[in-house]
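Below is one structure; the comments refer to it alone.
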Ligand SMILES: [Zn+2]
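In this note's numbering, the protein residues as written are 1 to 265.
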């Protein structure tokens with residue numbers, strides 16, 4: 001694993017459906033980490049309502065952020081967000097079983113391959129370059145999806161607790177991600193508390209990850225805390241890129257090979 005300290009900030013759910021919120025969220029993150037120094041998690045067809053290429057103005061902005069240096073990840077395909085579900089049973093699933101968010105939890109291998117390949121093409125057609133990797137909605141992966149992202153050779157994937165190279169299984173970074181919830185008051189308060197604790201507790205960590213969502217903007221308390229956390233973390237951890245984890249890990253491995261050492265993967 002890399003021993004170079006870095007902050008990996010990311011904006012989830014990048015889709016024309018959230019275009020207006022993203023116009024405020026991108027500058028908020030950029031103010032602390034710098035132009036092009038954060039990742040964007042793009043959804044090819046959010047809820048079947050927002051093809052990533054359907055809004056030409058938005059597609060141009062996404063390509064511009066990518067041109068600035070932002071790493072663009074494929075983030076699910078439809079990203080069925082349970083927050084839109086109504087009714088007691090759906091709410092129960094949404095709040096406790098995450099059934100509505102785990103788009104890549106229950107897929108069979110063939111379907112996962114098809115969605116990943118098609119989704120990757122759609123996002124790459126917009127940005128004009130390869131995606132940086134794949135990150136599943138809600139960081140939830142089923143076994144078949146894990147195999148499929150390795151088969152398709154996505155360079156990087158991450159879940160709540162680690163970043164890894166799918167084809168080799170090599171872990172590139174460890175540590176919990178700092179993220180926020182706005183769906184209920186209780187979740188919001190616990191995410192504010194977690195952010196406060198994590199910005200202190202993760203100070204010794206080599207890699208610190210912080211992910212934000214467009215709906216975080218709906219709560220002023222979250223906006224304030226995100227701004228504070230990014231300010232603190234960007235001082236201790238220079239904003240970096242996921243790709244650097246790969247290159248640091250490759251050079252570390254190379255150095256170890258030269259020293260005739262071996263490392264389990
Ligand atoms: Zn998402």
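Glycine included, each C-beta is placed from N, C-alpha and C at the ideal position.
Three-way DSSP call (helix, strand, coil) for residue i in this model
i	result
residue 5	coil
residue 207	strand
residue 94	In this prediction, residue 94 has a pLDDT of 45, which is less than 50 and means its spatial position is unreliable; what the coordinates show is noted afterwards. Residue 94 falls in the helix class under three-state DSSP.
residue 46	helix
residue 157	strand
residue 16	helix
residue 86	Since pLDDT at residue 86 reaches only 47, below the 50 mark, its modelled position is unreliable, and the value read off the structure follows with that caveat. Three-state result, residue 86: coil.
residue 127	helix
residue 245	helix
residue 76	coil
residue 181	coil
residue 240	coil
Where the beta strand (DSSP E) through residue i begins and ends
i	result
residue 21	Per DSSP, residue 21 belongs to no beta strand (DSSP E); it is in the alpha helix (DSSP H), 19 to 33.
residue 167	Element bounds for residue 167: n/a, residue is neither H nor E.
Sheet register partners of residue i (DSSP bridge)
i	result
residue 116	Answer is none; residue 116 lacks a bridge partner.
residue 39	10, 71
residue 135	None; residue 135 has no bridge partner.
residue 162	174
residue 51	45
First and last residue of the uninterrupted alpha helix (DSSP H) at residue i
i	result
residue 151	143 to 151
residue 226	220 to 236
residue 192	185 to 201
Sub-8 Å separation of residue i and residue j beta-carbons
i	j	result
residue 103	residue 77	yes
residue 136	residue 144	no
residue 52	residue 60	no
residue 231	residue 209	no
residue 131	residue 120	yes
residue 43	residue 67	no
residue 248	residue 5	no
residue 16	residue 50	yes
residue 243	residue 124	no
residue 126	residue 62	yes
residue 157	residue 133	yes
residue 25	residue 239	no
residue 233	residue 21	no
residue 182	residue 219	yes
residue 280	residue 177	Here the chain has residues from 1 to 265 only, and residue 280 is not among them.
residue 73	residue 39	yes
residue 173	residue 245	yes
residue 148	residue 105	no
residue 191	residue 199	no
residue 29	residue 212	yes
residue 79	residue 47	yes
Note to self: Closer than 5 Å between the C-beta and any heavy atom of ligand 1: which residues qualify, listed along the chain?
What the structure shows: 12, 13, 137
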